[in-house]
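Those protein sequences? They're chains G and Y, same order as listed. Heads up: the first sequence begins at 165 in this note's numbering, then just goes up one per residue. Heads up: the second sequence begins at 165 in this note's numbering, then just goes up one per residue. Built from N, CA and C at the ideal position, the CB exists for glycine as well.
2 protein chains.
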Amino acid sequence: MSKFCDEQERLKRRLLEMAALVEQMFDLSIRAVTDREASAAEKAFILEGQINLIEIEIDEGLINLLALHQPMASNLRFLVAGIKMNTNLERLGDLAVNIAQAAKTLLQYPPAAPIVDIPLMAGLVRSMLRKSFDAFALSDVELARGVLPCDDAVDRMRTSCYHQLRAAMEDAPEHLRQSLNLLMVTRTLERIADHATNVAEDVVFFVEGVEIRHGLGLQGQKQKVR
Amino acid sequence: MSKFCDEQERLKRRLLEMAALVEQMFDLSIRAVTDREASAAEKAFILEGQINLIEIEIDEGLINLLALHQPMASNLRFLVAGIKMNTNLERLGDLAVNIAQAAKTLLQYPPAAPIVDIPLMAGLVRSMLRKSFDAFALSDVELARGVLPCDDAVDRMRTSCYHQLRAAMEDAPEHLRQSLNLLMVTRTLERIADHATNVAEDVVFFVEGVEIRHGLGLQGQKQKVR
């Protein structure tokens, strides 16, 4: 079983390295929008290629562990959570790329539309990513649960950005393209927050075996996975 | 092993029932947009609750199968693909709900913005869903591979819709809200197509053990999962 633990630890480290790349991509893509930095967008594109390769490597490693051993209880839950974490991280990389692409489009035009509450929203989403990844690294369920309420705050910010940007479109229709791209950035931030929430839920699942998706664990209908 | 096969078959049937619900939700949410039918949107909301419950039931079933047996090769691949399929189906339900919500917002205003190529795009995305679900039901790799090129066609339609809707916003700024909501519908359709593509890729993976994500299998760098 010690071989199993070694390999499980190695895969966990790889997942955390992948998470660190996602954080870098996020920072780069947001900087490309807020500081109008084309090179930051380019760096994000390059990192995505790395993430895609790591995803496949980790999936193979997890499936091999399942095939070669007969993991039970918490080990089995870790493997299933690992498969889901891996998918979430890859999607997060894709979403950061979407923001970097919007940044590149924005750079084709003079800075016109207000970037409204995007830096504020990005800051909150960034903290959700960090907390959910730390929760995974430390198997810290309390930290993971702390991520969940932030999702509602992000949704409210997104609605507020929507109203601000729609007003900007009405006031300055000549800058419609810029406003539409910024709107896409806010929607992508909201999706990134959704994925950070998924990661946090997966942490609770693999540590406690408690299903908290769709608010089940919160309503007391806890379900233990054997 | 026969108990294992029975339970595997049962879970496959449940996944297909969930897929049928996703198709219903998709049809309802699109009808809510194109035919301005509020009751169709409401029905989609109700079906989402069912999907969320089935997702948890199937995840538990798959994890129990993993825990109680020691599946190898194609059985193991089926279980891993099942976990991913389950996640994809749940997300597809969420996305259909997003379209139904946009439809409800659209109904607050008189029909103004042109719905551009949305019916055409929805038709193509619908066929991708059907093909990828059929490919899963029949373990039909050729059918699954046929889904992949459609994703590019959907991306092109989305770009075309974007240009049409941006022109509509410029021509009729008084109908900005409607155009923005329709734009969101086209982006959601694009994401649904992405998930249908994921389902198709998972079918190839579980039938052949070939990794085709990120174009790997298409470039001849086939990877067998042991």
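Identify, in the order they occur along the chain, each residue of the same chain with its Cβ nearer than 6 Å to the Cβ of residue i, setting aside the five sequence neighbours on each side.
{"i": "Y:SER296", "result": "VAL311, ALA360, VAL363 and ALA364"}
{"i": "G:VAL371", "result": "SER303 and VAL305"}
{"i": "Y:MET292", "result": "VAL311, CYS314, ALA357 and ALA360"}
{"i": "Y:ASN252", "result": "HIS359, ASN362 and VAL363"}
{"i": "Y:ALA204", "result": "LEU192, ARG195 and ALA196"}
{"i": "G:LYS176", "result": "none"}
Taking CB distances under 8 Å as the criterion, tell me whether residue i reaches chain B.
{"i": "G:PRO337", "result": "You won't find chain B in this structure, because its protein chains are G and Y."}
Give every residue of the same chain whose Cβ lies closer than 7 Å to the Cβ of residue i, excluding the five residues on either side of it in the sequence, and list them in chain order.
{"i": "G:ALA301", "result": "LEU180"}
{"i": "Y:GLN383", "result": "With a pLDDT of only 39 at Y:GLN383, under 50, the local geometry of the prediction cannot be trusted, and the value read off the model is given with reservation. If we look at Y:GLN383 and ignore the five residues flanking it on each side, it has no Cβ neighbours."}
{"i": "G:LEU114", "result": "Examination of residue 114 of chain G is not possible in this model, given that chain G is present from 165 through 390 alone."}
{"i": "Y:LYS167", "result": "none"}
{"i": "G:ALA308", "result": "SER296, ALA299, ALA364, VAL367 and VAL368"}
{"i": "G:SER324", "result": "ASP281"}
{"i": "Y:HIS233", "result": "PHE168"}
{"i": "G:TYR273", "result": "ARG341 and GLN342"}
{"i": "G:LYS207", "result": "LEU192"}
Could you give the first and the last residue of the continuous alpha helix (DSSP H) run that contains residue i?
{"i": "G:TYR326", "result": "314 to 335"}
{"i": "G:ASP199", "result": "Here G:ASP199 belongs to no alpha helix (DSSP H), and DSSP marks it neither H nor E."}
{"i": "Y:GLU338", "result": "No alpha helix (DSSP H) holds Y:GLU338; DSSP gives it neither H nor E."}
{"i": "Y:ALA282", "result": "The question names Ala, but residue 282 of chain Y in the sequence shown is Ile. Taken as a continuous stretch (DSSP letters only), the alpha helix (DSSP H) holding Y:ILE282 covers 282 to 302."}
{"i": "Y:GLY373", "result": "Element bounds for Y:GLY373: n/a, residue is neither H nor E."}
{"i": "Y:ALA276", "result": "From DSSP, Y:ALA276 is part of no alpha helix (DSSP H); its letter is neither H nor E."}
Using a Cβ-Cβ cut-off of 8 Å (strictly less than) and excluding sequence neighbours within five positions of residue i, which residues of its own chain qualify?
{"i": "Y:ARG322", "result": "MET285, THR350, ARG351, LEU353 and GLU354"}
{"i": "G:THR269", "result": "ARG341 and ASN345"}
{"i": "Y:ARG245", "result": "Note on identity: in this sequence residue 245 of chain Y is Ala, with Arg being the wrong assignment. Taken in chain order, the residues that qualify are ASP366, VAL367, PHE369 and PHE370."}
{"i": "Y:ILE215", "result": "MET182, LEU185, VAL186, MET189, LEU253, GLU254 and GLY257"}
{"i": "Y:TYR326", "result": "LEU347 and THR350"}
{"i": "Y:THR198", "result": "ILE279, ILE282, PRO283 and ALA286"}
{"i": "Y:GLN265", "result": "ALA205"}
{"i": "G:ALA318", "result": "Here residue 318 of chain G is Val; the residue named in the question, Ala, does not match the sequence. Counting only Cβ-Cβ distances below 8 Å, and skipping sequence neighbours, we find MET285, LEU288, VAL289, MET292, LEU353, GLU354 and ALA357."}
{"i": "Y:LEU178", "result": "According to the sequence provided, residue 178 of chain Y is Arg. The question's Leu does not apply to it. So the qualifying residues of the chain are ILE218, GLU221, ILE222 and GLY225."}
{"i": "Y:ILE210", "result": "none"}
{"i": "G:LYS248", "result": "ASN362 and ASP366"}
{"i": "Y:VAL261", "result": "MET189, SER193, ALA208, PHE209 and GLU212"}
{"i": "Y:LEU229", "result": "PHE168, GLU171, GLN172, LEU175, PRO235 and LEU243"}
Mind checking whether the beta-carbon of residue i lies closer than 7 Å to any heavy atom of the ligand FMN?
{"i": "G:MET236", "result": "This structure does not include the ligand FMN; it has no bound ligands of any sort."}
- Residues in the segment 233 to 246 of chain G with C-beta within 7 Å of chain Y's C-beta atoms, listed in sequence order? GLN234, MET236, LEU240 and VAL244
- Query: Of all the residues that make up the segment 306 to 339 of chain Y, which are near chain G by a beta-carbon distance shorter than 7 Å?
  - Reply: ARG330, MET333, GLU334 and PRO337
- the segment 266 to 277 of chain Y: positions lying closer than 7 Å to chain G by Cβ: none
- Output the residue ranges of the alpha helix (DSSP H) runs that lie fully inside the segment 204 to 274 of chain Y and measure 4 residues or longer, sorted by chain position. 237 to 270
- Message: Give me the subset of the segment 249 to 264 of chain Y whose CB atoms are less than 8 Å from a CB atom of chain G, sorted by chain position.
- Response: THR251
- Message: Which residues of the segment 203 to 231 of chain G have a Cβ closer than 7 Å to any Cβ of chain Y? Give them in chain order.
- Response: ASN216, ILE220, GLU224, ILE227, ASN228, LEU230 and ALA231
- Message: For the structure I just gave you, are there three or more beta carbon pairs, one from the segment 215 to 226 of chain Y and one from the segment 216 to 231 of chain G, closer than 8 Å?
- Response: no
- What residues from the segment 175 to 202 of chain G come within 9 Å of chain Y, judged by C-beta to C-beta, listed N to C? none
- Members of the segment 339 to 351 of chain G that neighbour chain Y once the beta carbon cut-off is set at 9 Å: LEU340, ARG341, LEU344, LEU347, MET348 and ARG351
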